[in-house]
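If you're matching positions, the sequence shown starts at 1 in the numbering used here and goes up one per residue.
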Amino acid sequence: MACRFRTGAFRRLFFGFGVVFCVLLAPGSVVAQPDVDTSASKNRRAQSLVIQGMTQTYLKDHEEAIGYFKKALKFSPGQPAILLALADALAELQRTAGGLQKAAATYQTLLAEFPAYNDARLPLARLQSELNQTKEALNTYETYVDSTRHAKSEVYAEMLDLYAKTGNQQRLERILQTLIDRRRNDRSYRERLVELYVNQKQYEEALSILEELVRETPGSPQLLTRLETLYNKVGRTSEAEALWDQFAEKTDDVDQLVARARSVVDNLQAGQGTPDSSDVRAARELLNQALAQDSTHLGALDLLGSLHYQTGAYASAGRVLDRALQQNPRDPHRWHRAATAYLRAGHSTRAASLAEEGLLLFPGRTELLETLGFARIRLGDAETALSHFEEGLAETRKGAHRQHALLHAGMGLAQDQVGNVDSARQALDTALALAPEEPIVLRAVARHLARREIELDRALDLARRAVKRHGSDSAAWGVLGLVQFKRGAHGEARSAFKKAIETGHASAAVYEDFGDLHRALGNDRRAQRYWREALDRRPSADSVRKKLDGIS
């Protein structure tokens, strides 16, 4: 993220003060002793104020923190470490208000005054990235890396994502090589380099890396499949056939088929790999082979359900996990996964039914109460949803911040539906404080603000962050569309709604909001079309029925 208030901020602050103290207190200083005492006293006062400011920063009271940092600067004027802490607090305050451009300008102003203060470049680069200023962000990242002895691997990973957007293959190769050197055990970077070399028709380089990966993971079906394809491409057909024989020999047993597919699913869950990759296709084929041999194999059903879920095929995931539940209903997590898959697929009635069945076997399970609550919201039954969220909060253990956040987010949406605006805002603020980067929370707050047509710039920032963190989520795109609609950005709204619908999992709310947009634009026929789609998904939606009656 653009602004990070962790130990690094303390380190650079106290390092800056340490330099000042060393100069002021060093034996034989040319400064007269009384001046040394005065300067030391001022810097001790500045240090105390900075500590108070950082404490307020951690408490997210950025206005209070800014006051302390400004006072500290009076005692230690021009100290870059304090200026950066002040810039961090100002930027976070502006970010909260939806002013990303102003937040970036804060760091640019600091760097204009202190160009050698490299620590300010990293938050600036991240802000520029969020603002889709890809070229500017990369320039800032490059300057930061060039001026830093040991830039962290995560910085290069962020640069990699940006260079992937630009198509600059030379820079992509350089960044990938750096990440491979630093994270040798992370196979995904070598696999991306293979893809890059194949795109550049540098087949020998690609083969060299793939062969190395196969040696490290013998029998991996996805790697063998890719290596076979590449051997055929360069005319080495005999080697390709030998690989396939090896593959066939090692995948006769059902348990072996499942075990070989598991690594692909594990990589997807860890954020590695892509849903449409050859690895995923190979894993899906392996699991289908396993189930062809044993249609009740629980491990294969669970894994195929997870694979469908990770690749966005939520309805398929729900159906497969339904089959798994028939084999073994004694796992509450399986009930939760199946219900959540149906909820994401837009099948709210089935999601609610599964969650209720699971709760009969496992009363008080928080994750099932949460899913049931969100399903009830989708079905327009906010009052019942509230009771589920309240029960979930009573059952949730202390320290489960994400679970608490999701339950508060659900409560906020339900309170909003029944018209309790103040209670909704309180619940959503709590959710955001507990999990400020959780996509479900981000879109819940954004939706509330958009529905009430307040703080729309902030709502836009939250909705964009939700999409960035979960770009395949129809609900995130739907909320972004609603926010843009309320801001009057009809073209951007239309684009976001279309992306939500293209996922194949859009809820009744998305279709209703898209219909509202077309109605506002005077396209009554299209409005009717989307409202009918909404009514098909939620037949109890009286608000949609009234809109249709108002046109016909």
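Note that CB positions come from ideal geometry on N, CA and C, so glycine has one too.
Using a Cβ-Cβ cutoff of less than 7 Å, which residues in the same chain neighbour residue i once the five nearest sequence positions on both sides are dropped?
i, result
"His401", "Leu434, Ala435"
"Gly209", "The amino acid at residue 209 is misidentified as Gly; the sequence shows Ile. Result list for Ile209: Arg190, Leu193, Val194, in chain order."
"Gly380", "Arg538, Ser540, Ala541"
"Ser153", "Leu179, Arg182, Arg183"
"Ala500", "Ser474, Trp477, Gly478, Gly481, Ala506, Val510"
"Leu517", "Phe485, His490, Ala493, Arg494, Phe497"
"Ala261", "Ala283, Leu286, Leu287, Leu303"
"Ala240", "Glu228, Tyr231, Asn232"
"Asp524", "Ile551"
"Gln52", "Tyr68"
"Pro27", "Because Pro27 sits at a pLDDT of 33, beneath the cut-off of 50, its placement in the model cannot be relied upon, and the following sentence gives the value as read from the coordinates. Excluding residues within five positions, none has a Cβ falling inside 7 Å."
"Asp161", "none"
"Arg545", "Leu535"
Kindly list the residues whose CB is nearer than 6 Å to the CB of residue i, restricted to its own chain and excluding five residues on each side of it in sequence; keep chain order.
i, result
"Val198", "Ala206"
"Ala463", "Ala446, Val479, Leu480, Val483"
"Leu442", "Leu462, Arg465, Ala466"
"Lys388", "According to the sequence displayed, residue 388 carries His and not Lys. Closer than 6 Å at the Cβ level, and outside the excluded window around His388, lie Leu369, Leu372, Gly373."
"Ser147", "Asn118"
"Glu455", "Leu449"
"Leu49", "Tyr68, Lys71, Ala72"
"Leu386", "Ala414"
"Tyr309", "Ala317, Ala341"
"Tyr141", "Ala125, Met159"
"Lys547", "Trp531"
"Ala32", "Annotation note: pLDDT 34 at Ala32 (below 50); position unreliable, no value reported."
"Arg171", "Tyr163"
"Leu344", "Before going further, note that residue 344 is Arg rather than Leu in the sequence given. Here the set comprises Tyr314, His505."
Between the options, which lies nearest to residue i when the distance is taken from Cα to Cα?
i, options, result
"Ala541", "Val483, Arg183, Arg376, Ser188", "Arg376"
"Gly346", "Arg121, Arg149, Tyr511, Asp516", "Tyr511"
"Leu286", "Leu73, Asp255, Arg344", "Asp255"
"Tyr314", "Ser474, Glu438, Ala125, Leu227", "Ser474"
"Ala493", "Gly67, Leu90, Phe485", "Phe485"
"Ala382", "Val155, Leu73, Gly419", "Gly419"
"Pro85", "Gln108, Trp531, Ala120, Lys74", "Before going further, note that residue 85 is Ala rather than Pro in the sequence given. With distances taken between Cα atoms, Ala85 lies closest to Ala120."
"Leu213", "Arg545, Asp186, Thr237", "Asp186"
"Ser188", "Ser263, Lys152, Arg171, Asp253", "Ser263"
"Ala317", "Arg330, His336, Asn328", "His336"
"Glu204", "Ala91, Gly235, Glu395, Leu90", "Gly235"
"Leu535", "Arg525, Ala508, Leu110, Ser423", "Ala508"
"Val145", "Gln133, Ala116, Arg545", "Ala116"
"Gln133", "Ala424, Thr166, Ala87", "Thr166"
"Ser76", "Lys42, Glu142, Glu92", "Lys42"
"Thr384", "Gln293, Met411, Leu122", "Met411"
"Phe362", "Ala341, Ser348, Gly392, Arg378", "Gly392"
"Ser430", "Thr237, Leu407, Gln200", "Here residue 430 is Thr; the residue named in the question, Ser, does not match the sequence. Looking at the Cα atoms, Leu407 is the closest of the given residues."
"Gly312", "Val421, Gly358, Ser472", "Ser472"
"Ala339", "Thr143, Glu367, Lys468, Ala137", "Glu367"
With residue i and residue j assumed to form a contact (beta carbons below 8 Å), what rounded beta-carbon distance in angstroms separates them?
i, j, result
"Ala444", "Ala450", "About 11 Å separates the two Cβ atoms, so there is no contact after all."
"Gln56", "Ala65", "4 Å"
"Ala427", "Gln415", "6 Å"
"Pro439", "His470", "4 Å"
Among residues of its own chain, excluding the 5 on either side of residue i, which ones have a beta-carbon nearer than 8 Å to its beta-carbon?
i, result
"Asp302", "Leu321, Ala324, Arg334"
"Leu243", "Leu224, Leu227, Glu228, Tyr231"
"His297", "Val254, Val258, Ala290, Leu291"
"Leu563", "The first residue shown for the chain is 1 and the last is 552, placing residue 563 beyond what the model contains."
"Gln169", "Leu196, Asn199, Gln200"
"Thr396", "Thr366, Gln403, His404, Leu407"
"Glu173", "Leu193, Leu196"
Got a sec, what are the start and stop residues for the alpha helix (DSSP H) residue i sits in?
i, result
"Asp457", "456 to 469"
"Arg182", "169 to 182"
"Val483", "474 to 487"
"Val418", "401 to 418"
"Asp146", "134 to 146"
"Tyr117", "Run containing Tyr117: none; DSSP gives neither H nor E here."
"Ala534", "524 to 537"
"Ser208", "203 to 216"
"Glu453", "Taken as a continuous stretch (DSSP letters only), Glu453 belongs to no alpha helix (DSSP H), as it is neither H nor E."
"Lys165", "153 to 166"
"Lys498", "490 to 502"
"Pro332", "332 to 344"
"Ala382", "382 to 395"
"Gly299", "298 to 310"
"Ser353", "348 to 361"
"Val510", "508 to 520"
"Gly235", "Counting along the chain, Gly235 falls outside any alpha helix (DSSP H), and DSSP gives it neither H nor E."
"Gln426", "421 to 434"
Taking CB distances under 7 Å as the criterion, tell me whether residue i reaches chain C.
i, result
"Asn232", "Absent here is chain C; the protein component of the structure consists of one chain."
Taking 6 Å as the line, does the beta carbon of residue i fall inside it for any heavy atom of the ligand HEM?
i, result
"Asp429", "As far as ligands go, the structure on display features none, and thus does not contain the ligand HEM."
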